[in-house]
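**Student:** Handing you this structure, nothing more for now.
Number of protein chains: 2
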Amino acid sequence: MLKIESEKQARTSALPAPGASEVFQLLRDGQPRTRAELAQLTGLARSTVASRVETLMTLGLVAPYGGAVSTGGRPPSLFALNPGARVVIGADLGATHALVILTDLSGTELASARQSMTISDGPETVLGWLVAAIGTLLREAKRSSSELAAIGIGLPGPVEHETGRPINPPIMPGWDRFDVPGLVQRSFNVPVLVDNDVNIMALGELSGNWPDTTDLMFIKVATGIGAGIISGSMLQRGAQGTAGDLGHVRVPRGGEIPCRCGNTGCLEALAGGPALAAALNALTGGELTSSQGVIDLVRSGDRDAIQVIRQAGRDIGDVLATCVNLINPSVVVIGGSLAQAGEHLLAGIREVVYRRSLPLATEHLRIVPSVAGQNAGVRGASVMAISHVLSPESIETASLSAP
Amino acid sequence: MLKIESEKQARTSALPAPGASEVFQLLRDGQPRTRAELAQLTGLARSTVASRVETLMTLGLVAPYGGAVSTGGRPPSLFALNPGARVVIGADLGATHALVILTDLSGTELASARQSMTISDGPETVLGWLVAAIGTLLREAKRSSSELAAIGIGLPGPVEHETGRPINPPIMPGWDRFDVPGLVQRSFNVPVLVDNDVNIMALGELSGNWPDTTDLMFIKVATGIGAGIISGSMLQRGAQGTAGDLGHVRVPRGGEIPCRCGNTGCLEALAGGPALAAALNALTGGELTSSQGVIDLVRSGDRDAIQVIRQAGRDIGDVLATCVNLINPSVVVIGGSLAQAGEHLLAGIREVVYRRSLPLATEHLRIVPSVAGQNAGVRGASVMAISHVLSPESIETASLSAP
DNA sequence: ATACTTTTGTCGAGCATCATTCAAAAGTAG
DNA sequence: CTACTTTTGAATGATGCTCGACAAAAGTAT
């Protein structure tokens, strides 16, 4: 059925629901509060709040947070989310390397690992390494695997998020419809959430840097070009989970340039990393083979390279202007490896977007570089895992098993 | 905070919640069910379901629905949503005319009115007429105003849906930030929901024609060009409620053609109704002034007109290909007045979209003409009102006032 | 030290829900 | 017509959550 407004269901299960989640959702932000405050915010009786808080404390999810100043009477006692109660894993598996972090429930990094690997070696090999890395990180942070609450994984291709299976991923041979959560759960029996790498990068940027933003687009500019769309505080995955595929959109300047997808004039064939390297080679007679070469040249102040990357920004901006009109976000974050070559890419993007989008859409629009940078992916994967762990349903079921 | 998955809240209020909504949500689709079925579906005890059903019957929202076939014992008695219990108004206010319908809760039309009017006469005049029309429709259908449960209104411009106020609408002078629900509620004290006309057209097409679709785009092609986006079963309104503004996206073939927005090369300046009329005039030396003239010519089989509208389809398709890659819908519906000129527009759109979009995104994509046609707007407005009335919150509060 | 304020913990009452039972109703199969 | 099946309705006690009230705790102001 159609959901016009954000839906709240009155009851989830027929089981006796202690309903500890309602109180807990207020504490999710990490801010300490008193019982009295919670009672007023929820509208529940003080006694009810007290019993809920007790349940949450026995679960370890909430902990006392020092005392507070008295306002003339007995000083209230503060409670807050206990971030150390559980830990989660965030993993960002790229084409040629992987990043994994262990964080607590506030997103604070406890340990991390980075390794070169080849995603095309197939899921068994790659996930085998991931499982080993998770074990290492847990030991490193002196946490037992029973404290691990969830695992979030980002993959470089389309993913059916509900099942955690990659769907026809172009650069991940052997991964098609592979049951990623199934394999990981053989080693760690916790919820495993899988999503597209661009989607989790959008999550990573949103949480932490744009806490009150509900509509954000993350643009990854690297070998490929893709977008992660958060609209109305929800990740938009589309009907087949391929939403945000900007790489093969036609751009005016594209002409008949052939693209690896078989079409011509694609954005990626014009502004993707390999395309920029080729364009520079044509200009200077160089022999660049990777995006990294372009980035290094731009950083060193090479005028041709700056020219090329700024033009790439304009081409991306052309497509982005359409996206901005269509989605109407309030923040657009530019990330990916090519975004690390200074402000030139961003300048080109801004130039076109602000010129080509409607005033109403750009009035409050901010186009900013990624803050998390290389870590946007892992941070987002961790955020995805955390928000699953702290979701009302999870808290509800957890509190059922508490005495 | 960020919502990764569809959120279910355990409890909405601290008041004693009879929780009749849970049972009711299963009956929303209009399908009749037995008490036993409801008990199994909800997991509630049979006795509980019985009492819930009784509450809903005294409210009139649910009614007996004949008997069912026996499976060897006493035949079960069926219950179903009683669509006649309440009525709602759907209104589609355009630039030069208005459509209003009165429907029951199943969306069945009970009465309708159509009138020429000028939206630029301002909100008092227009809404005054609307209020009068609602009264007439109620009398016509022999319904009292106490049976009216909600009013849905579509307006031709950006609307802040939460407050029901138009925001900087280009073609609605005097309406900026006007409190539309406030004025209407002075006459009819029921919830008044206001939204952009394209958004409600998307709703209108989805409900009824695409019941199980979660990702749909509606494209209105008329004087302007706009899109209504439903993604994950939710209407996407964007940060300022201006999402879906496709009219002023740049198209490759646009060149330096000036647009009324001040920019050049906009889609609307190339494929909007006035642009098509102008293009035809230039070709044939005619004196067309309106979209209707173009439509008539196309219908009469004029080859120049067909050529022009097919090219418009290609230009729209160019933009749509980007949208399809970005949003990944499973259905794209083409509506608006120019869509009624036969299949030529659609053919042009299909031609480009299927060529320019990724195979993965177009694999299950259907591009279809609007079924509701001129009525998509009012139908959608009615749907918007109905789904508010039948929402869990509304049912919950309604059942509180029942004995 | 005393009065006042504010928060906290405890306790019983109220209420909705649940599982169960029993009897009646309304069919079908023989 | 009788036996069997299945659903329904009413009644029951048990359970568990929520509320409100009251008393104790822990400070501050005089």
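Residue numbers (my numbering), protein chains in the order written: chain A, 181 to 583; chain B, 181 to 583. Cβ atoms here follow ideal geometry from the backbone N, Cα and C, with glycine treated the same way. Small disclaimer: the values here were computed from a predicted structure and weren't measured.
#1: Taking only runs that begin and end inside the region 485–517 of chain A, name each unbroken beta strand (DSSP E) of 3 or more residues, in chain order.
#2: Label Ala194(A) either buried or exposed according to how many other C-beta atoms from any shown protein chain fall within 10 Å of its C-beta, with 16 as the threshold for buried.
#3: Can you name the start and end residues of the alpha helix (DSSP H) that Pro539(B) belongs to?
#4: Short of 6 Å in beta carbon distance, which residues of its chain neighbour Ala291(A), apart from the five on each side in sequence? Order them along the chain.
#5: Which class does Met297(A) belong to by DSSP, given the choice of helix, strand or coil?
#6: Is the Cβ of Met414(A) closer than 8 Å to any Cβ of chain B?
#7: Using a Cβ-Cβ cutoff of 7 Å, what residues of the region 418–436 of chain B are near chain A? List them in chain order.
#8: Going by DSSP in three states, Gly270(B) sits in which element: helix, strand or coil?
#9: When the Cα atoms are used, what is the spatial distance from Gly418(B) to Arg226(B)?
#10: Would you verify that the beta carbon of Asp377(B) is, or is not, closer than 8 Å to some beta carbon of chain A?
#11: Are the region 511–524 of chain A and the region 377–387 of chain A touching, with three or more C-beta to C-beta distances below 8 Å?
#12: Quick one: residues in its chain with C-beta nearer than 7 Å to the C-beta of Leu157(A), no 5 flanking neighbours on either side, listed in chain order?
#13: Just to confirm the assignment, what range does the alpha helix (DSSP H) spanning Met237(A) have?
#14: Would you mind giving the Cβ-Cβ distance between Asp395(A) and Ile410(A), rounded to the nearest angstrom? I have them listed as a contact below 8 Å.
#15: Any contact of the region 322–335 of chain B with the region 358–373 of chain B, i.e. 3+ C-beta pairs under 8 Å?
#16: Given a cut-off of 8 Å, decide if Ile507(B) and Ala501(A) are closer than it, judged by their beta-carbon atoms.
#17: Please list the partners that Leu207(B) has in chain A, where partner means a Cβ-to-Cβ separation under 7 Å.
#18: For Leu307(A), which option in Leu363(A), Leu221(A), Leu207(A) and Ile269(A) has the closest C-alpha, if you only look at C-alpha atoms?
#19: State the start and end residues of the unbroken alpha helix (DSSP H) segment that holds Arg535(B).
#20: Extract the residue ranges of the alpha helix (DSSP H) inside the region 331–402 of chain A, only unbroken runs of 4 or more that lie entirely within it.
#21: Using a beta-carbon distance below 8 Å, is Asp498(B) in contact with chain A?
#22: Could you have a look at Glu576(A) and say whether DSSP puts it in helix, strand or coil?
#23: Within 8 Å of any Cβ in chain B, is that where the Cβ of Cys503(A) sits?
#24: Kindly indicate which three-state DSSP category His568(A) falls into: helix, strand or coil?
#25: Please state if the CB of Ile496(A) and the CB of Ala451(A) are separated by a distance shorter than 8 Å.
#26: Among Thr235(B), Phe204(B) and Thr403(B), which residue has its Cα nearest to the Cα of Ala458(B)?
#27: On the DSSP bridge assignment, give the partners of Leu285(B) in chain order.
#28: What residues of chain B sit near Leu538(A), judged by a beta carbon separation below 8 Å?
#29: Given that a residue counts as buried once 16 or more other Cβ atoms are within 10 Å of its Cβ, and exposed if not, what is Asp209(A)?
#30: Should Lys183(A) be flagged as near chain B, meaning a C-beta pair shorter than 8 Å?
#31: Would you give the residue range spanned by the beta strand (DSSP E) that Ser546(B) belongs to?
#32: Measure the C-alpha to C-alpha separation of Ser517(B) and Lys400(B) and round it to an integer number of angstroms.
#33: Starting from Ser471(B), trace the alpha helix (DSSP H) both ways and give me its first and last residue.
#34: Any beta carbon of chain B sitting closer than 8 Å to that of Asn348(A)?
#35: CB-CB under 7 Å to Gln520(B), same chain, minus the five flanking residues each way: which ones, in chain order?
#36: Against chain B, which members of the region 536–560 of chain A pass a CB distance test of less than 9 Å?
**Tutor:** In terms of the structure at hand:
#1: For secondary structure counted as the beta strand (DSSP E) over 3 or more consecutive residues, the region 485–517 of chain A holds these complete runs in sequence order: 511–515.
#2: What you label residue 194(A) is simply residue 14 of the first sequence in a count that begins at 1. With a pLDDT of only 25 at Ala194(A), under the threshold of 50, the placement of this residue in the model should not be trusted; the figure read from the coordinates follows. Looking at its Cβ environment, which holds fewer than 16 other Cβ atoms inside 10 Å, Ala194(A) is exposed.
#3: Residue numbering aside, residue 539(B) sits at position 359 when the second sequence is read from its first letter. Looking at the DSSP string, the run of the alpha helix (DSSP H) that includes Pro539(B) is Pro539 to Thr542.
#4: Reading the first sequence from its first residue, position 111 is the one you call residue 291(A). Leu282, Leu317, Glu320 and Ala321, listed in sequence order.
#5: For the purposes of this step, residue 297(A) is identified with residue 117 of the first sequence, where counting begins at 1. Three-state DSSP puts Met297(A) in coil, outside helix and strand.
#6: The sequence position of residue 414(A) within the first sequence is 234, counting from 1. Yes, because at least one Cβ of chain B sits closer than 8 Å to the Cβ of Met414(A).
#7: Gly418, Ala419, Gln420, Thr422, Ala423, Gly424, Asp425, Leu426, His428, Val429, Arg430 and Pro432
#8: On the second sequence, position 90 is the one that residue 270(B) refers to. Correct three-state label for Gly270(B): strand.
#9: Position 238 of the second sequence holds residue 418(B). Position 46 of the second sequence holds residue 226(B). Here the C-alpha atom of Gly418(B) lies approximately 43 Å from the C-alpha atom of Arg226(B).
#10: Here residue 377(B) is taken as the residue at index 197 of the second sequence, counted from 1. With respect to chain A, the C-beta atom of Asp377(B) has no partner C-beta closer than 8 Å.
#11: Two segments are said to touch when three or more pairs of C-beta atoms, one from each, lie closer than 8 Å; by this definition the region 511–524 of chain A touches the region 377–387 of chain A.
#12: Lying before the first or after the last residue shown, residue 157(A) is absent from chain A, which here runs from 181 to 583.
#13: In the first sequence, counting from the first residue as 1, residue 237(A) sits at position 57. Per DSSP, Met237(A) belongs to the alpha helix (DSSP H) from Arg226 to Leu239.
#14: As a first step, residue 395(A) must be located in the first sequence, where it is residue number 215. As a first step, residue 410(A) must be located in the first sequence, where it is residue number 230. Confirmed, about 7 Å.
#15: Flag = yes, the region 322–335 of chain B and the region 358–373 of chain B touch.
#16: If you number the first sequence from 1, residue 501(A) lands on position 321. If you number the second sequence from 1, residue 507(B) lands on position 327. No, they are not a contact pair.
#17: As a working note, residue 207(B) is residue 27 in the second sequence. Under the 7 Å cutoff, chain A gives no residues; its nearest Cβ is about 11 Å from Leu207(B).
#18: To locate residue 307(A), count along the first sequence from 1; it is residue 127. Of Leu363(A), Leu221(A), Leu207(A) and Ile269(A), the residue nearest in Cα terms is Leu363(A).
#19: Counting from one through the second sequence, the residue named residue 535(B) turns up at place 355. His524 to Arg536 is the span of the alpha helix (DSSP H), which, as asked, contains Arg535(B).
#20: If we require 4 residues or more, the alpha helix (DSSP H) runs fully inside the region 331–402 of chain A come out as 360–367 and 377–389.
#21: Mapped onto the second sequence, residue 498(B) falls at position 318. Chain A contact via Cβ: present.
#22: As a position in the first sequence, residue 576(A) is number 396, starting the count at 1. Helix.
#23: On the first sequence, residue 503(A) is found 323 positions in, with the first residue counted as 1. True, the Cβ-Cβ gap to chain B drops below 8 Å.
#24: By one-based count along the first sequence, residue 568(A) stands at place 388. The three-state reading of DSSP puts His568(A) in helix, counting H, G and I together.
#25: Residue mapping note: residue 451(A) aligns to position 271 of the first sequence, counting from 1. Residue mapping note: residue 496(A) aligns to position 316 of the first sequence, counting from 1. The answer is yes: Cβ separation under 8 Å.
#26: Working through the second sequence from its first residue, we reach residue 458(B) at position 278. Looking at the Cα atoms, Thr403(B) is the closest of the given residues.
#27: Here residue 285(B) refers to the residue found at position 105 of the second sequence. Answer is none; Leu285(B) lacks a bridge partner.
#28: What you label residue 538(A) is simply residue 358 of the first sequence in a count that begins at 1. The answer, in chain order, is Thr422, Asp425, His428 and Cys441.
#29: Taking the first sequence and counting its residues from 1, the one referred to as residue 209(A) is at position 29. Asp209(A) should be labelled exposed.
#30: Walking along the first sequence from the start, residue 183(A) turns up at place 3. Residue placement at Lys183(A) is flagged as unreliable, the pLDDT there being 40, under the threshold of 50; a coordinate-derived value is accordingly withheld.
#31: What you label residue 546(B) is simply residue 366 of the second sequence in a count that begins at 1. The sequence shown places Arg at residue 546(B), rather than the Ser named in the question. First-last of the beta strand (DSSP E) with Arg546(B): Arg546 to Pro549.
#32: Residue numbering aside, residue 517(B) sits at position 337 when the second sequence is read from its first letter. Residue numbering aside, residue 400(B) sits at position 220 when the second sequence is read from its first letter. Near 8 Å, if we compare the C-alpha coordinates of Lys400(B) and Ser517(B).
#33: Position 291 of the second sequence, counting from 1, holds the residue named residue 471(B). Here the alpha helix (DSSP H) through Ser471(B) covers Ser471 to Arg479.
#34: Looking up residue 348(A) in the first sequence gives position 168. Closer than 8 Å: yes.
#35: Translated into positions along the second sequence, residue 520(B) becomes position 340. For Gln520(B), where only same-chain residues beyond five positions count, the Cβ hits under 7 Å are Ile475 and Gly553.
#36: Arg536, Ser537, Leu538, Pro539, Leu540, Ala541, Glu543, His544 and Leu545
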